[in-house]
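Just below is one structure, and these are the notes that go with it.
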Amino acid sequence: MAVCQEYGIESEVLPHIAMCFGGGMGLTGATCGAFSGAVMALGLVNGPAGNPDEFIKAMLPVQELRRGFEEKMGTISCCELVKVDLTKPEVFEEYINSDVPEKVCLPAVDTAYKLAMEILAKK
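In this text, residue positions in the sequence shown follow this note's numbering: the first is -18, and each later residue adds one.
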């Protein structure tokens, strides 16, 4: 959302589209929602691709984002980042009341945002 705000991309559907990214795609522990959101932002700013060459060119920033995110955070896997199984309601409640969101998730959001902005600035 922050990248979209920086680029003046506004739509009431954007928060709804990104909402279920949390907890690694709907609390499944899969790909980090912050990383996924940054991928979505890159697509919104760089897209759409009108042909295969433009499509491939649009994928290169995502590859750069992944390398940078993994370098800084260690992984794009939510469950590896937070080290808990968010699919269990009782674990999610413990997680949300712990310091993990502040110590892991907020830095992941910050990292994803900064990397996306750095990549877009090169464009």
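Cβ coordinates follow ideal geometry from the N, Cα and C atoms, glycine included.
Remember, it's a predicted structure, so these values are computed and weren't measured experimentally.
Using a Cβ distance threshold of 8 Å, Cys(-15) and Leu25 count as a contacting pair.
A contact is defined here as three or more CB-CB pairs under 8 Å, and the region -8 to 1 fails this definition with respect to the region 65 to 81. Looking at the DSSP output, Thr12 sits in a beta bridge with Ser58. Given a length threshold of 4 residues, each whole run of the alpha helix (DSSP H) inside the region 77 to 103 is given here in chain order: 87 to 102. In this structure Ala93 touches Phe50 by the C-beta definition: roughly 6 Å separates them, less than 8 Å. DSSP places Leu(-5) in the helix class (H, G or I) of the three-state scheme.
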